[in-house]
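**Q** One structure, pasted below without further comment.
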Amino acid sequence: MRFVFSPLLGAVALATLTTTPAAANTIKFFADLAPLSGSGVSGRADLALDTLTNALTVKISASGLAPNQLHVQHIHGLVNADGTPGDSRTPTLADDAAPNGDGDGIIELLEGVPAYGPILFSLTDETGAFPMAPDGSIGFMQTYDLAASGNFGDGFNMGDLMPLTFREIVIHGGFLGAVGIDSGRPVEEANGVAGYKTFLPVAAGEIQAVAPVPLPAAAWMLIAGVAALAGLRRSSVSTAA
């Protein structure tokens, strides 16, 4: 069998590479999920937003989680008083200090809110459930129709979710010993009582845009593939001879 190489093949492939409709409508993002309060949880989230269909695909891979426990996960975001989006960030131990924190060395749910904001969007599966991390890890993927989704937090919509680069992904749920300070707040995970704390933030990461592959680099990848095809043709011809 002989493989015939034509310069037209490269031209067609390059044209396809630069004009694929799906690629033109899709913006990709990621978030490196870092542990909070020494949880040992880490991971990565990859997001793809189709600006034509308003479909958002979210993939989350995380490890170091408490196994066989519910792990709620959300996109959080700050909203300014005038309704404009605020730039959310990953909380640090400085957020555990006064006046918003109790200084017990653990970033609790309400202590993280000034940094990453309220819940804008819940990352559940098609049944509306959060992952359970059966082996201490999460391999999650779901696509949402943002124009019709019921996953938005109270009073929020698709407009509040944008821009995604102002938003934060937070994973919750971890065991605590009898540590912390009971300061009387309505929601407090580290309150001196040991157990599993469903809403304790254990990992978070700021959503960032994926840099597009520069056209010259993409072209070199294409050229390399075409060269390999040409080499295969030469090898086939030599064998036939």
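Numbering (mature numbering (1 follows the signal peptide of the UniProt record, and there is no 0)), first residue to last: -24 to -1, 1 to 217.
Just so you know, even glycine gets a beta-carbon here, dropped at the ideal spot from N, CA and C.
Any idea what DSSP makes of Phe175, helix, strand or coil?
**A** strand
**Q** I need the boundaries of the alpha helix (DSSP H) containing Leu137, first residue and last residue.
**A** Met134 to Leu137
**Q** Which residue comes first and which comes last in the alpha helix (DSSP H) that contains residue 239?
**A** Because residue 239 is not part of the residues shown, which for the chain are -24 to 217, the question remains open.
**Q** Rounded to whole angstroms, what is the Cα-Cα separation between Thr60 and Ile145?
**A** 19 Å
**Q** Is the beta carbon of Glu84 sitting closer than 8 Å to the one on Asn76?
**A** no
**Q** Measure how close the beta-carbons of His52 and Arg143 come, nearest whole angstrom, since I'm counting them as under 8 Å.
**A** 7 Å
**Q** For Gly93, count neighbouring Cβ atoms within 10 angstroms of its own Cβ and tell me buried if that reaches 16, exposed if not.
**A** buried
**Q** Check the DSSP bridge columns for Pro188 and list the partner residues they point to.
**A** Beta-bridge pairing links Pro188 to no other residue.
**Q** Determine, using beta carbons only, whether Leu28 and Asn1 come nearer to each other than 8 Å.
**A** yes
**Q** Roughly how many angstroms lie between the CA atoms of Val178 and Ser39, to the nearest whole one?
**A** 11 Å
**Q** Using the C-alpha atoms, what's the distance from Asp121 back to Asn30?
**A** 6 Å
**Q** Helix, strand or coil for Asp26? Go by DSSP, reduced to three states.
**A** strand
**Q** For Phe97 versus Pro107, is the C-beta distance shorter than 8 Å?
**A** no
**Q** For Thr119, I'd like the list of residues in its chain whose CB is within less than 6 Å of its CB, leaving aside the five on either flank, ordered along the chain.
**A** Cβ neighbours of Thr119 beyond the five flanking positions: Ala31 and Thr33.
**Q** Please report the Cβ distance between His50 and Leu9, rounded to the nearest whole angstrom; I am assuming they are in contact, meaning their Cβ atoms lie under 8 Å.
**A** Not quite, the Cβ-Cβ distance comes to about 13 Å (not below 8 Å), so this is no contact.
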